[in-house]
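Trainee: Residue numbers (the working numbering), protein chains in the order written: chain A, 4 to 571; chain B, 3 to 179.
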Amino acid sequence: MGDSKQSRTFDAIVIGSGMSGGWAAKEFCEKGLKTLVLERGRNVVQPKDFTTTNMMPWEFKHRGEIPYEIQKENPVVSRCYAFREDAEQFFVKDKEHPYIQDKPFDWIRGYQVGGKSIMWARQTQRWSDFDFEGPARDGYAVDWPIRYKDIAPWYSYVEKFAGISGNKDGLPNLPDGEFLPPLDLSCVENYFKDFVAKNYKDRNVIYGRCAHLTQPKQIHFEQGRSQCQNRSLCQRGCPFGGYFNANSTTIPWAEKTGNMTLRPFSVVHSIIYDDEKGKAVGVHVIDANTKESIEYYAPVIFVNAGAYNSNLILLNSKSKRFPNGLGNDNGILGKYAAFHNYRASIHAKYDGFQDTKSEGGRRPTSAYMPRFRNLYKQETDFLRGYALTFYAGRWSYNDQSGFGEDLKNNLLKEPTLGPWSVGSGMMGETIPKETNFLSLDTEKKDDWGVPLLKINIDYDDNDEKMIKDFFEQMTEMYTKAGFTDIKTNDSKQAPGLDIHHMGGVRMGKDPKTSLLNKWHQFHNCPNVFVTDGACMTSTSTQNPSLTFMAMTARAANYAVEQLKKREI
Amino acid sequence: MDRRSSIKTLLLLSAGTALLPSCLQEEKKASVTVKNFKISGNEEDIISAVSDTIIPQGKTPGAKDVGAYQFALMMMDDCYSPEDQQKFMKGLKEFDDFSKKKINQSFAKATPAKREEVLKSIESKKDIPENAAFFYNNMKRLTLEAFTQSKYYLTQVHVYQLVPGKFYGCVPVKKAS
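1. Where does the unbroken alpha helix (DSSP H) through Trp-157 of chain A begin, and where does it stop?
2. Can you pull the chain B neighbours of Gly-405 of chain A, defined as C-beta to C-beta under 7 Å?
3. Which residues, in chain order, does the segment 141-160 of chain B contribute to contact with chain A at a C-beta distance below 8 Å?
4. Can you give me the C-alpha to C-alpha distance between Cys-25 of chain B and Ala-32 of chain B, rounded to a whole angstrom?
5. Please report whether the beta-carbon of Ser-83 of chain B lies at a distance below 8 Å from any beta-carbon of chain A.
6. Quick check: the segment 70-84 of chain A against the segment 75-91 of chain B, are there 3 or more CB pairs under 8 Å?
7. Could you name the residues of the segment 39-72 of chain B whose beta carbon sits closer than 8 Å to any beta carbon of chain A, in the order they occur along the chain?
8. Beta-carbon within less than 8 Å of Pro-23 of chain B's beta-carbon, same chain only, minus the 5 sequence neighbours each way: which residues are those?
9. Only counting the same chain, and skipping five residues up and downstream in sequence, which positions put a Cβ closer than 8 Å to that of Gln-496 of chain A?
10. Between which two residues does the beta strand (DSSP E) carrying Pro-454 of chain A extend?
11. Note down, in chain order, all residues in the segment 59-70 of chain A with a beta-carbon under 7 Å from any beta-carbon belonging to chain B.
12. According to DSSP, simplified to helix, strand and coil, what is Glu-225 of chain A?
13. By alpha-carbon positions, which one of A:Asp-134, A:Lys-282, A:Phe-551 ends up nearest to Ile-304 of chain A?
14. Would you kindly report the start and end of the unbroken beta strand (DSSP E) that includes Glu-432 of chain A?
15. What runs of the alpha helix (DSSP H), each 4 residues or longer, lie entirely inside the segment 71-126 of chain A?
16. Identify which residue in A:Asp-6, A:Gln-9, A:Leu-41 has its Cα closest to the Cα of Val-17 of chain A.
17. Output needed for Leu-144 of chain B: all residues of its chain with C-beta closer than 6 Å, excluding positions within five of it in sequence on either side, in chain order.
18. Looking at the structure shown, is Pro-23 of chain B part of a helix, part of a strand, or coil, going by DSSP?
19. Could you tell me which of A:His-526, A:Glu-417, A:Tyr-102, A:Ala-90 sits nearest to Lys-79 of chain A, measuring between CA atoms?
20. Chain B partners of Asp-358 of chain A, CB-CB under 8 Å?
21. Count the other CB atoms within 10 Å of the CB of Arg-228 of chain A; is the residue buried (16 or more) or exposed (fewer)?
22. Cβ of Pro-418 of chain A less than 8 Å from any chain B Cβ?
23. Using 8 Å as the threshold, is the C-beta distance between Thr-433 of chain A and Asp-466 of chain A below it?
24. In chain order, what residues of the same chain have a beta carbon less than 6 Å from the beta carbon of Val-284 of chain A, not counting five sequence neighbours either side?
25. List, in order along the chain, the chain C residues whose C-beta lies closer than 7 Å to that of Val-34 of chain B?
26. Where Asp-99 of chain B and Ala-51 of chain B are concerned, what is the direct C-alpha to C-alpha distance, given to the nearest angstrom?
27. How long is the line joining the alpha carbons of Tyr-389 of chain A and Gly-328 of chain A, rounded to whole angstroms?
28. If contact means a Cβ-Cβ distance below 7 Å, which residues of the segment 155-175 of chain A contact chain B?
29. Within 8 Å of any Cβ in chain A, is that where the Cβ of Leu-121 of chain B sits?
30. Tell me the DSSP secondary structure of Cys-528 of chain A in three-state form.
31. With 8 Å as the threshold, decide whether the Cβ of Phe-169 of chain B is near any Cβ in chain A.
32. Nearest to Ala-291 of chain A by CA position, among A:Gly-337, A:Asp-449, A:Asp-461, A:Gly-169, is which residue?
33. What does DSSP give as the partner residue(s) for Asp-493 of chain A in the beta ladder?
34. If you reduce the DSSP assignment to three classes, tell me which class Phe-149 of chain B lands in.
35. Determine whether the beta carbon atoms of Ala-308 of chain A and Gly-19 of chain A lie at a separation below 8 Å.
36. Check the Cβ of Met-77 of chain B against every Cβ in chain A and list those closer than 7 Å, keeping chain order.
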């Protein structure tokens, strides 16, 4: 067979092997489809390629710090909190993969099998109809073509496999899921939870649901995973498989079927559209190492390259039928991009509960407060709202003043327990707008001949008002709860550092104002599906990965049915 | 223990070889290599002495046993900007000038008691040249980092748990006995 066209033809092609691509691969392979999974970076096989995972602090040459030269050459990724010596190998360096910032945008990326699912923050909150109905109710973006009832069974489906730790909280705005047991909240987190419940109607502090195996089930053992050990070294990849990443779950599951062909070092240049057949027929790949140009074929193509790279591929997929990018009859491909506003945080002290503390493991999650602003009705001068984290813990420290024997003796003493410190970070919904868009540079190309992506995304007045409200509301709640020494902080960070890149290929009911239908198919090219962040019509406030996973599993199963019926 | 005595032997050996160039009245060469700035053997001696005075050896390991000054120089070389490196080296000179004024001796040549006298003045933060303060503050920060992030400290003083297991959210603080 060799290099025949037949050998390069599959039942399905999945572009990307991360958070969502892994799910497409798993679903297709389980259903018996010969599936080609294309990944632009290297393969990362667990546990052998989690090379730093068992290293002790003193084994890192710079004790975690990234050297000055690397930071200087890569200012964008250096701003990411997880870009440290222990996880450096999983982040894209700006210098190696340039893009154009028409406005400042920190495009944090992970080019390897597993993508960013290795280093993600693992928070997994479901959407509700308060989120899906947002655009229609408040008159922005376009109406989502799906509702909670469409996605709910798929949330359950992915949660059971991934393993989600959570508490059944019974909140209408943050539906319960298939939960493994929660971990403890700290004393002051429980205190604040009770305080908020008592003093604020419709405001709740809950345990932040997260993708950790607090009590693995049979399905997780079958994946070769075991219980989370509260190491909080997740960004290195986990030797226990204690949290969800594609490398420990979906990808090996797909591989086990014998139906997956995983091709690392495969830069997707574009999707091939056959003008005669009137459909997409395959993808054009550039081998990352040899720069060789190769075409692969399949009747169905899933685009899961990571939101803005999916936009890039689609904008670059030009044909006679689609001269402006695949499916782009209405000219909105790349537009209505959005993100989460992570600029605002607040910190304080609490003098209560001096006789208690937390101990043992390093808990990999915190408490969480779902959106309460504008939930039942519009009540502020800005649209939508924000969710937030809530953390309360006690640091212990050794007196480091002075020098000599005194200093040394202090360092050798039992550490002193500090006061409770509390803090919250805002996760604000941003409003997708036509003026926040992605496009391709007409001249500059990368080393593989792919045009550079231009990012033109900024905050707006709604975001500024939301930050102000967050500071006001949180200061009020913190003050009433008796917290002291309250300090607010606006990091002024650029969009993108939230790493919740969304939009550009939005779903909708109307082909005139959207690109994808309710099954994530292009309205006008139904054998191409987009199920990563690019498909998002609006962003709401929840950490989005769980929703991408559920959407992908749902769309992949639909695609299999349609293939069987020969509808695509 | 074996490791520590072998470190000591190593230090004795390097001190021995270091004697030779100083006999020839030439600038002593540094035993460590840095890429981004220049450092002489005499300057290295000052840095080493500062680090050893911040966390001295004694019945228990100190800065010397965890290679603190070598770590500090490596961090200065790899993780600081060229401007900060310049400031650090300028500060080193200012620091030693301050020492000469205070105790009529280069810091490296002084007795432990005299060295402590210099650091006491520096820590008082009164009339200390800006760069000298920068030099000292960073030496202290990096010496502390080398010590508290060392294998010794994290296995024998405050044990670092790579796999800590169960998290207890709310437990009573045990009263010191």
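The beta carbon of each residue, even a glycine, is placed where N, CA and C say it ideally should be.
Mentor: Taking the definition as stated:
1. Locating residue 157 of chain A in the first sequence gives position 154, where the first residue counts as 1. Note, Trp-157 of chain A: alpha helix (DSSP H), 151-165.
2. On the first sequence, residue 405 of chain A is found 402 positions in, with the first residue counted as 1. What Gly-405 of chain A touches in chain B: Glu-125.
3. Lys-142, Leu-146, Glu-147, Phe-149, Thr-150, Gln-151, Ser-152, Lys-153, Tyr-155, Leu-156, Val-159, His-160
4. Counting from one through the second sequence, the residue named residue 25 of chain B turns up at place 23. Counting from one through the second sequence, the residue named residue 32 of chain B turns up at place 30. Residue placement at Cys-25 of chain B is poorly supported in this model, since its pLDDT is 46, which falls under 50; the coordinates still yield a value, given next. Those two C-alpha atoms are separated by around 15 Å.
5. Here residue 83 of chain B is taken as the residue at index 81 of the second sequence, counted from 1. Cβ-Cβ to chain A under 8 Å: yes for Ser-83 of chain B.
6. yes
7. Thr-55, Ile-56, Ile-57, Pro-58, Gly-60, Thr-62, Gly-64
8. As a position in the second sequence, residue 23 of chain B is number 21, starting the count at 1. Legend: pLDDT at Pro-23 of chain B = 46, less than 50; position of this residue unreliable, value from coordinates given subsequently. Within the same chain, and ignoring the five residues on either side of Pro-23 of chain B in sequence, the residues whose Cβ sits closer than 8 Å to its Cβ are Glu-29, Lys-30, Lys-31, Gly-43.
9. The count along the first sequence starts at 1 and reaches residue 496 of chain A at position 493. Only Arg-82, Asp-109, Tyr-345, Arg-346 meet the Cβ criterion.
10. Translated into the one-based positions of the first sequence, residue 454 of chain A becomes position 451. Looking at the DSSP string, the run of the beta strand (DSSP E) that includes Pro-454 of chain A is 454-459.
11. Going along the segment 59-70 of chain A in chain order, one finds Met-59, Pro-60, Trp-61, His-65, Arg-66, Glu-68, Pro-70 with a Cβ nearer than 7 Å to chain B.
12. The count along the first sequence starts at 1 and reaches residue 225 of chain A at position 222. Three-state DSSP puts Glu-225 of chain A in a helix.
13. Locating residue 304 of chain A in the first sequence gives position 301, counting from the first residue. Nearest option by C-alpha distance: A:Lys-282.
14. What you label residue 432 of chain A is simply residue 429 of the first sequence in a count that begins at 1. Per DSSP, the unbroken beta strand (DSSP E) holding Glu-432 of chain A starts and ends at 419-432.
15. 71-76, 78-81
16. Counting from 1 along the first sequence, the entry for residue 17 of chain A is found at position 14. For Val-17 of chain A, the nearest C-alpha among the options comes from A:Leu-41.
17. Locating residue 144 of chain B in the second sequence gives position 142, where the first residue counts as 1. Around Leu-144 of chain B: Ala-74, Met-77.
18. Counting from 1 along the second sequence, the entry for residue 23 of chain B is found at position 21. For Pro-23 of chain B, the predicted model reports a pLDDT of 46, less than 50, meaning its position is unreliable and no value from the coordinates is stated.
19. For this step, residue 79 of chain A is matched to residue 76 along the first sequence. The sequence given here places Val at residue 79 of chain A; Lys does not occur at that position. Sorting A:His-526, A:Glu-417, A:Tyr-102, A:Ala-90 by C-alpha distance to the C-alpha of Val-79 of chain A places A:Tyr-102 at the top.
20. The count along the first sequence starts at 1 and reaches residue 358 of chain A at position 355. Correct list: Pro-174, Val-175.
21. For this step, residue 228 of chain A is matched to residue 225 along the first sequence. Result: buried.
22. Counting from one through the first sequence, the residue named residue 418 of chain A turns up at place 415. By this cut-off, Pro-418 of chain A is an interface position.
23. Looking up residue 433 of chain A in the first sequence gives position 430. Looking up residue 466 of chain A in the first sequence gives position 463. Contact flag set, yes.
24. As a first step, residue 284 of chain A is located in the first sequence; it is residue number 281 there, counting from the start. If we look at Val-284 of chain A and ignore the five residues flanking it on each side, its Cβ neighbours are Ile-275, Asp-277, Tyr-300.
25. No chain C is part of this structure, whose protein chains are labelled A and B.
26. As a first step, residue 99 of chain B is located in the second sequence; it is residue number 97 there, counting from the start. As a first step, residue 51 of chain B is located in the second sequence; it is residue number 49 there, counting from the start. So the alpha carbons of these two residues sit roughly 15 Å apart.
27. Against the first sequence, residue 389 of chain A aligns to sequence position 386. Against the first sequence, residue 328 of chain A aligns to sequence position 325. Using only the alpha carbons, I get a separation of about 34 Å.
28. none
29. Taking the second sequence and counting its residues from 1, one reaches residue 121 of chain B at position 119. By this cut-off, Leu-121 of chain B is an interface position.
30. Position 525 of the first sequence, counted from the first residue, corresponds to residue 528 of chain A. Correct three-state label for Cys-528 of chain A: strand.
31. Stepping through the second sequence from its first residue, residue 169 of chain B is reached at position 167. Yes, contact with chain A.
32. Position 288 of the first sequence, counted from the start, is the residue given in the question as residue 291 of chain A. Considering only alpha carbons, the answer is A:Asp-449.
33. Here residue 493 of chain A corresponds to residue number 490 of the first sequence, with the count starting at 1. BP columns for Asp-493 of chain A point to A:Ala-347.
34. Against the second sequence, residue 149 of chain B aligns to sequence position 147. Correct three-state label for Phe-149 of chain B: helix.
35. Taking the first sequence and counting its residues from 1, one reaches residue 308 of chain A at position 305. Taking the first sequence and counting its residues from 1, one reaches residue 19 of chain A at position 16. Yes, these two residues count as a Cβ contact at 8 Å.
36. Along the second sequence, read from residue 1 onward, the residue named residue 77 of chain B stands at position 75. The answer, in chain order, is His-65.
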